[in-house]
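Notes for the one structure printed next.
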Amino acid sequence: MNITKSFTQLENFGHSHSAPAYFIQINIPEEITEVFEYAKKAGLKVTARGAGRSYNDAALVSGGIVLDMRGMNAITRWDKSTGLVTAQPGATLEQLWQKVEPDGWWPPVVSGTMKTTLGGCLSANIHGKNNFKMGTFGEHVVEFTAILPTGAEVTCSPKKNADLFHAMISGLGMLGIFTSVTIQMKRIHSGLLTVDAYPVPNLHGQLSALLDGAPHNDYIVGWMDGLAKGKSLGRGQIHAARYLHEGEDPNPRETMKIKNQILPPYIFGVFPKALLHYFMSPFMNNFGTWGVNTAKYIASIRKHTFRQSHAAFHFLLDYVPNWELSYGRSGLIQYQSFVPKETAEAAWTEIIQLSHKNHLPTYLGVTKRHRPDKFLLTHAVDGFSLAMDFKVTSGNRARLSSMLQDFDKIVLQAGGRFYFAKNSETSTETAQAFYGEKTVAEFRKLKKRCDPNGLLESDLYRRLFG
Amino acid sequence: MRNFVSNTSKTVQATPLNPRKRAIVVGASGGIGAALSRKLAREGFSIALVDRDRASLQTLCDDINKISGETRALTYEHDVTKYNSVPDTLRRIIADLGGIDTLVYIAGVIYFPAIDEYNFAEDHKMVEVNLLGAMAWTGAVAPLFQNAKGGQIVGISSVAGDRGRVSNPGYNASKAGLTNYLEALRNRLTRHGVNVLTVKPGFVKTPPTLNNVKKLLFAVEPNVAADMIWDGMKKRKQTIYVSGIWKLIMLVIRHIPSFIFRRLSF
Numbered sequence: 205m206n207i208t209k210s211f212t213q214l215e216n217f218g219h220s221h222s223a224p225a226y227f228i229q230i231n232i233p234e235e236i237t238e239v240f241e242y243a244k245k246a247g248l249k250v251t252a253r254g255a256g257r258s259y260n261d262a263a264l265v266s267g268g269i270v271l272d273m274r275g276m277n278a279i280t281r282w283d284k285s286t287g288l289v290t291a292q293p294g295a296t297l298e299q300l301w302q303k304v305e306p307d308g309w310w311p312p313v314v315s316g317t318m319k320t321t322l323g324g325c326l327s328a329n330i331h332g333k334n335n336f337k338m339g340t341f342g343e344h345v346v347e348f349t350a351i352l353p354t355g356a357e358v359t360c361s362p363k364k365n366a367d368l369f370h371a372m373i374s375g376l377g378m379l380g381i382f383t384s385v386t387i388q389m390k391r392i393h394s395g396l397l398t399v400d401a402y403p404v405p406n407l408h409g410q411l412s413a414l415l416d417g418a419p420h421n422d423y424i425v426g427w428m429d430g431l432a433k434g435k436s437l438g439r440g441q442i443h444a445a446r447y448l449h450e451g452e453d454p455n456p457r458e459t460m461k462i463k464n465q466i467l468p469p470y471i472f473g474v475f476p477k478a479l480l481h482y483f484m485s486p487f488m489n490n491f492g493t494w495g496v497n498t499a500k501y502i503a504s505i506r507k508h509t510f511r512q513s514h515a516a517f518h519f520l521l522d523y524v525p526n527w528e529l530s531y532g533r534s535g536l537i538q539y540q541s542f543v544p545k546e547t548a549e550a551a552w553t554e555i556i557q558l559s560h561k562n563h564l565p566t567y568l569g570v571t572k573r574h575r576p577d578k579f580l581l582t583h584a585v586d587g588f589s590l591a592m593d594f595k596v597t598s599g600n601r602a603r604l605s606s607m608l609q610d611f612d613k614i615v616l617q618a619g620g621r622f623y624f625a626k627n628s629e630t631s632t633e634t635a636q637a638f639y640g641e642k643t644v645a646e647f648r649k650l651k652k653r654c655d656p657n658g659l660l661e662s663d664l665y666r667r668l669f670g
Numbered sequence: 252m253r254n255f256v257s258n259t260s261k262t263v264q265a266t267p268l269n270p271r272k273r274a275i276v277v278g279a280s281g282g283i284g285a286a287l288s289r290k291l292a293r294e295g296f297s298i299a300l301v302d303r304d305r306a307s308l309q310t311l312c313d314d315i316n317k318i319s320g321e322t323r324a325l326t327y328e329h330d331v332t333k334y335n336s337v338p339d340t341l342r343r344i345i346a347d348l349g350g351i352d353t354l355v356y357i358a359g360v361i362y363f364p365a366i367d368e369y370n371f372a373e374d375h376k377m378v379e380v381n382l383l384g385a386m387a388w389t390g391a392v393a394p395l396f397q398n399a400k401g402g403q404i405v406g407i408s409s410v411a412g413d414r415g416r417v418s419n420p421g422y423n424a425s426k427a428g429l430t431n432y433l434e435a436l437r438n439r440l441t442r443h444g445v446n447v448l449t450v451k452p453g454f455v456k457t458p459p460t461l462n463n464v465k466k467l468l469f470a471v472e473p474n475v476a477a478d479m480i481w482d483g484m485k486k487r488k489q490t491i492y493v494s495g496i497w498k499l500i501m502l503v504i505r506h507i508p509s510f511i512f513r514r515l516s517f
């Protein structure tokens with residue numbers, strides 16, 4: 205294997221941060237062991253990178269070795285009678301659903317984009333719009349194998365090496381590198397979902413709708429107009445979706461075909477969506493977004509129910525290719541907090557008001573309903589999450605950073621948690637506070653066992669664990 | 252002493268939006284080098300101190316870290332004329348600092364030949380340290396900055412590079428070469444968002460100057476020079492004179508016609 209001598213400047217998904225690293229493609233597991241040996245000798249740090257879809261510094265290590273895991277992307281086994289699928293960590297959710305759906309299955313948990321890799325999904329322990337019902341991605345993992353920096357290969361399941369299983373999933377890639385993962389898919393009886401769309405007048409309405417709507421639906425998600433103020437603060441629209449029962453879809457074979465799922469590359473059949481982000485960028489300012497959001501809210505006032513394909517419902521972020529470029533040269537960041545249902549409304553009211561006061565409103569707010577899970581570095585709570593997109597400019601970086609750290613304090617006070625596929629400004633102090641001493645000590649103990657020489661280190665890990 | 256004013260900024264944790272700036276100072280233990288390193292540390296930079304002289308490097312480093320109350324400086328022993336070791340030293344620094352935003356090249360030597368003396372060994376050394384070392388370092392950093400679409404290269408040239416004078420042809424040539432090289436670098440890199448700053452000091456009160464030059468015209472203390480350089484860096488200037496009066500003096504000198512200039516004795 206050739207460990208290159210030149211640096212590659214790698215970026216995060218939001219284009220808000222970049223770092224130089226030795227970027228090395230991994231094709232077979234043996235190469236991972238070789239890299240660990242080389243890194244130990246050369247005194248370099250290592251981190252794995254999948255599709256690079258995180259908004260922060262999770263898949264970067266400045267001056268170190270970044271493993272490009274996309275080469276290990278085979279789906280090695282698919283059993284359509286049991287719904288068990290085994291794949292390498294570089295395989296994406298896109299590959300996964302396209303493999304299983306034609307046979308009547310769907311991944312139990314998916315993110316808002318299908319471009320993420322399974323390794324990334326495990327490391328961040330991602331959640332979807334059904335977190336309240338199906339939990340996190342890790343809850344559907346039957347077994348995985350991984351290579352530890354010691355060179356050892358481990359196999360983990362909820363029963364076998366259970367401590368490592370619960371720490372490596374959610375472990376931000378800092379205990380070992382996944383080499384294979386087996387996941388249980390969910391049976392579906394149609395390629396379509398029934399979706400109810402209805403407006404909510406304010407944050408209280410938004411959170412009540414999530415709370416009341418969740419038990420009757422398979423998926424629920426809220427869009428929040430981050431610029432609305434006063435009595436309308438937190439207004440938006442709820443999308444609640446249900447699977448179709450057996451027999452409800454007269455022709456499930458047809459609706460589950462990939463061609464009936466995928467998002468068309470053209471709008472109105474002619475306009476290429478690849479160009480759409482250019483037309484969005486003039487609206488990516490406080491005034492433009494106010495206009496768009498207001499129009500969107502007014503359009504959402506009519507309550508309606510419709511049927512939509514799984515892919516179209518879940519992968520909204522993929523609807524406009526390269527949408528992140530519409531935020532301009534300095535990119536965007538996303539801030540997501542998870543707050544218990546009792547304190548969420550007050551905390552987020554304060555946060556949204558603070559964003560208005562700083563003239564740094566969120567251009568896109570998304571709310572979801574959550575439940576706790578038992579993974580070590582869990583981000584989930586019995587409550588809600590609010591994800592907020594912020595435009596970064598060369599002039600607002602320091603102000604935005606300090607505002608988000610103020611948000612952190614409010615969330616911490618409200619007993620909330622953070623999610624590290626996203627947050628980029630959370631400090632060591634805040635991270636240690638919300639994880640709690642016991643969790644941090646347990647994680648450090650495992651880290652020492654799996655990685656005694658401290659070879660695995662991302663910029664995110666340096667930030668959270670010092 | 253001016254250097255030890257305790258205005259250390261409160262340590263703010265580096266985050267992706269608000270990163271810690273990182274600088275390499277090549278030739279850090281000399282007069283201007285040490286003063287600028289201290290200045291950059293006070294401005295919150297993490298600094299790789301590069302110099303040949305291990306002992307003074309360590310003293311400076313300990314001093315900076317003590318005043319900062321944390322590790323802001325690291326030392327790298329390196330001789331700028333060992334051109335082949337530049338890439339490895341740079342890689343080590345990037346691994347330790349997690350990248351770089353600024354390169355300051357201050358390493359320089361000066362010899363003072365007699366008015367009719369020609370000493371190739373000394374001229375050779377001046378070109379090696381003042382010009383070739385600068386090329387090796389800036390050339391190694393330039394592609395990184397270009398890829399990162401940002402960064403700043405600061406080269407300490409001299410007013411001596413503006414004209415060839417009777418007193419020190421070798422030094423004049425080395426600094427003229429450096430000024431020209433930096434200009435070319437600027438023309439290559441500006442389009443990629445990289446700033447190249449050429450600093451042209453007049454007299455700075457450093458030991459080689461103090462010991463050899465009798466009349467110190469508009470001479471400044473090293474820490475005053477460092478403040479001026481930092482000011483130029485902040486404003487992302489292209490060329491600055493230290494102190495500013497030299498801009499005017501050199502404007503005049505650059506326009507003295509040759510038939511007069513060759514009769515002058517400085």
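From first to last, the protein sequence lines are chains F and H.
Count the first sequence with the working numbering and you get residues 205 to 670, in order.
Count the second sequence with the working numbering and you get residues 252 to 517, in order.
All C-beta atoms, glycine included, are put in the ideal place defined by N, C-alpha and C.
| Item | Value |
| --- | --- |
| Assign H:Asn446 to one of three DSSP states: helix, strand, or coil. | strand |
| Should H:Ala299 be flagged as near chain F, meaning a C-beta pair shorter than 8 Å? | no |
| Can you tell me whether F:Ile232 is buried or exposed, with buried defined as 16 or more other CB within 10 angstroms of its CB? | exposed |
| Hey, would you say F:Tyr423 sits closer than 8 Å to F:Asn334, going by beta carbons? | yes |
| Out of H:Ser425, H:Asn398, H:Ala399, which one is the CA nearest neighbour of H:Ala411? | H:Ser425 |
| Could you pull out every unbroken beta strand (DSSP E) segment of at least 3 residues lying fully inside the segment 290-358 of chain H, listed in chain order? | 297-302, 324-328, 353-356 |
| Buried or exposed, going by whether 16 or more other CB atoms sit within 10 Å of the CB of F:Phe483? | exposed |
| What number of angstroms, rounded off, separates the C-alpha of F:Pro293 from the C-alpha of F:Asn277? | 6 Å |
| On the three-state DSSP scale, how would you describe F:Asp655? | coil |
| I think F:Val358 touches F:Leu352, with their Cβ atoms under 8 Å apart; what is that distance to the nearest whole Å? | 6 Å |
| Could you check how far apart the C-beta atoms of H:Val445 and H:Gln489 are, in whole angstroms? I think they sit under 8 Å. | With a Cβ gap of about 12 Å, H:Val445 and H:Gln489 do not count as contacting. |
| Rounded to whole angstroms, how far is the Cβ of F:Ser394 from the Cβ of H:Leu268, which I believe are closer than 8 Å? | About 44 Å; that fails the 8 Å criterion. |
| Looking at the C-beta of F:Asp655, does it have a partner C-beta in chain H at a distance below 8 Å? | no |
| Between the segment 444-463 of chain F and the segment 381-399 of chain F, do three or more beta carbon pairs fall short of 8 Å? | yes |
| By Cβ distance below 6 Å, which residues in the same chain neighbour F:Lys209 in space, the five residues on each side in sequence not counted? | none |
| Does DSSP put F:Asp261 in a helix, a strand or coil? | coil |
| In chain order, what residues of the segment 439-461 of chain H put their CB closer than 9 Å to some CB of chain F? | none |
| Against F:Val596, what residues of chain H qualify as contacts under a CB-to-CB distance less than 9 Å, listed in chain order? | Leu268 |
| Can you list, in chain order, the residues of its chain whose CB lies under 6 Å from that of F:Gln213, leaving out five sequence neighbours each side? | Ser222, Pro224 |
| Provide the residue span of the alpha helix (DSSP H) that contains F:Thr422, from first to last. | The amino acid at residue 422 of chain F is misidentified as Thr; the sequence shows Asp. F:Asp422 -> no alpha helix (DSSP H), and no H or E assigned at all. |
| Let's see if you can read the secondary structure: which residues bound the beta strand (DSSP E) around F:Asp612? | Premise fails: F:Asp612 lies in the alpha helix (DSSP H), 601-617, not in any beta strand (DSSP E). |
| What residues from the segment 391-420 of chain H come within 7 Å of chain F, judged by C-beta to C-beta, listed N to C? | Leu395, Asn398, Ala399 |
| Buried or exposed: F:Gln410, going by 16 or more other Cβ atoms within 10 Å of its Cβ? | buried |
| What does F:Tyr539 pair with, by DSSP beta-bridge criteria? | F:Met592 |
| Roughly how far, in whole angstroms, is the beta-carbon of F:Ser374 from the beta-carbon of F:Gly426, given that I think they are within contact range, below 8 Å? | Actually they do not touch by this definition, with Cβ atoms about 25 Å apart. |
| Would you mind sorting H:Phe469 into buried or exposed? The rule is 16 or more other CB atoms within 10 Å of its CB. | exposed |
| Is there a Cβ of chain F sitting closer than 8 Å to that of H:Glu328, yes or no? | no |
| Measuring straight from C-alpha to C-alpha, what distance separates F:Gly640 and F:Thr571? | 25 Å |
| Within 8 Å (strictly less), CB to CB, does H:Ser260 reach chain F? | Interpretation of H:Ser260 is limited by its pLDDT of 45, a score under 50 that renders its predicted location unreliable; no figure is taken from the coordinates. |
| Along chain F, which residues have their Cβ under 8 Å away from the Cβ of H:Ile345? | Phe211, Pro224, Ser266, Gly267 |
| In chain F, what lies closer than 7 Å to H:Leu354 by C-beta? | The contacting residues do not exist; H:Leu354 stays about 14 Å from chain F at best. |
| How many whole angstroms separate the CB atoms of F:Ile537 and F:Phe472, which I take to be in contact at a CB cut-off of 8 Å? | So it is not a contact: roughly 33 Å between Cβ atoms. |
| Do the segment 644-651 of chain F and the segment 302-317 of chain H make contact, defined as three or more Cβ pairs closer than 8 Å? | no |
| So H:Lys498 is in the alpha helix (DSSP H); what residue range does that whole segment cover? | 496-505 |
| Enumerate in chain order the residues of its own chain whose CB-to-CB distance from F:Gln512 is below 6 Å, with the five nearest sequence positions on each side excluded. | Leu397, Val399 |
| According to DSSP, F:Val289 sits in a beta bridge with which residue or residues? | F:Trp282, F:Ile387 |
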